[in-house]
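Inspection log for the structure reproduced underneath, given as structure tokens.
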Amino acid sequence: MAEFIGIDLGGTKIRGVLTDPSGRVILAREVLTLASEGEEAIFSRIASITRELAHGAPGDGMRPEVQAIGICAPGPLDSAKGRILVTENLPFIDFPLGPRLQELLGLPVFLDNDGAAAAMGEYLHGAGRKADPLLYLTISTGIGAGAILGGKLFRGHSSNALEAGHMTLEPEGPTCACGNQGCAEVLASGTAISIAATAAAAAAREGSGPQTALSAWAQPGSREAFLAAAGGDRVAEAIVSEALRYLGICAANLATLFDPEVLIVGGGVTRAGPRVIEAIRAGVRERCPRVVAEGLRILPASLGDDSGALGAAALAAGALEVLGRSAHSASRNAG
Ligand SMILES: [Zn+2]
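Heads up: the sequence shown at position 57 corresponds to 138 in our numbering, and the numbers run straight through without jumps.
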């Protein structure tokens, strides 16, 4: 039976799965991205995790069943050429990830946006099975999204649709790594929460800001901020509730545009607890047209850390089939 590899390249970790065509995970691997070490170091970690999955067991040769590799990464991307153009949370600049990996492993490689791949993963195998339109929103190091419309991934003209992290929420807001001001990512991502919490912790230590439980950490992340907020810390609560309010606005804007049947919410920040999805439900209830809000189911992602990797594997399987069909018809036409 054919097998496919799916790799989810994130700002914090690289997750990979080997699956059968039904999406059953045969093997899973994960390594830290360690983005600060630069693009070649990250590429060699992607290559080694992919090789491990392709070989199955150490010392074994490449599994002959493996047909293709799907990779998903934060955009913007040039999917057709397999290139990462530029990403805020990773050091890649116009990097030919697909061609490099294809050359190394001798298998076809397909590159897609991470939000798009996760949307496909949840549509095929997860919480949104067969829901259409399906919208996926992920909140982790960054913010991403994907949409399934009419059973197909909605890619947009340049294959970079639904870059929700760079939706403007505050025209005069803080500057995002993309250069614009007030993007969702700079207001509501895990990184945004961590930056605000770290600044508050430093201010408390220097005596220039109010005391906060956050000062127990040198660099509190979103997890610590949610923890401190849950413990009644006012400074942490203000940071968390502001980020969640913006997240609600971001989700409501997407839902207003797409009128989806299901909105799936995933990403590391959702692990902070039900507050995240509750804030999204509140944003949708308050801001979407009533008929849109009432018909919409908002659900946590059910594939956990695997939605992107499973979706990438499924997209690779689909892309390979399309290639096979066009090669078949080309050879028929030639004959
Ligand atoms: Zn931006």
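Ideal placement from N, C-alpha and C gives every residue a C-beta, glycine not left out.
Going by DSSP in three states, residue i sits in which element: helix, strand or coil?
| i | result |
| --- | --- |
| C369 | coil |
| G416 | Low confidence applies to G416: its pLDDT is 48, below 50, so where it sits in the model is not reliable, and the reading given next is rough at best. Correct three-state label for G416: coil. |
| E342 | coil |
| N261 | coil |
| R144 | coil |
| P115 | As written in the sequence, residue 115 is Leu, which differs from the Pro given in the question. Here L115 sits in coil by DSSP. |
| P180 | helix |
| T100 | strand |
| L205 | helix |
| D314 | coil |
| I88 | strand |
| F191 | strand |
| K94 | strand |
| A109 | strand |
| A138 | coil |
| A29 | Past the boundaries of the shown model lies residue 29; the chain is included only from 82 to 416, so the question cannot be answered. |
| L171 | coil |
Under the criterion of a Cβ to heavy atom distance below 7 Å, does residue i qualify as lining ligand 1?
| i | result |
| --- | --- |
| V167 | no |
| V267 | yes |
| C331 | no |
| C153 | no |
| H247 | yes |
| N424 | It is not possible to answer for residue 424, since the shown part of the chain is limited to 82 through 416. |
| C369 | no |
If contacts are defined as beta-carbon pairs under 8 Å, then residue i and residue j qualify, I think. What distance do you get, rounded to the angstrom?
| i | j | result |
| --- | --- | --- |
| A394 | I86 | 6 Å |
Give a yes or no on contact between the segment 333–351 and the segment 222–230, applying the rule of three or more CB pairs nearer than 8 Å. Yes, they touch.
Should the segment 312–330 be regarded as contacting the segment 269–287, the criterion being three or more beta carbon pairs within less than 8 Å? Taking a contact to require three or more Cβ pairs closer than 8 Å, the segment 312–330 and the segment 269–287 qualify as touching.
Are at least three pairs of beta-carbons, each pair with one atom in the segment 281–292 and one in the segment 235–250, less than 8 Å apart? The answer is no - the segment 235–250 does not touch the segment 281–292, with fewer than three Cβ pairs under 8 Å.
In chain order, which continuous runs of the alpha helix (DSSP H) of length 4 or greater are located wholly inside the segment 216–277? Entirely contained in the segment 216–277, the alpha helix (DSSP H) runs reaching 4 residues are, in chain order, 265–269.
Using 8 Å as the threshold, is the segment 150–167 in touch with the segment 206–218, meaning 3 or more CB pairs across them? Fewer than three Cβ pairs drawn from the segment 150–167 and the segment 206–218 lie within less than 8 Å of each other, which leaves the two stretches out of contact.
Pairing CB atoms from the segment 245–264 with CB atoms from the segment 197–204, are three or more of them under 8 Å? Contact between the segment 245–264 and the segment 197–204 is absent, because fewer than three Cβ pairs lie under 8 Å.
For the segment 99–117 and the segment 385–400, state whether three or more C-beta atom pairs, one from each stretch, are separated by less than 8 Å. Below 8 Å, enough C-beta pairs join the segment 99–117 and the segment 385–400 to call them touching: three or more.
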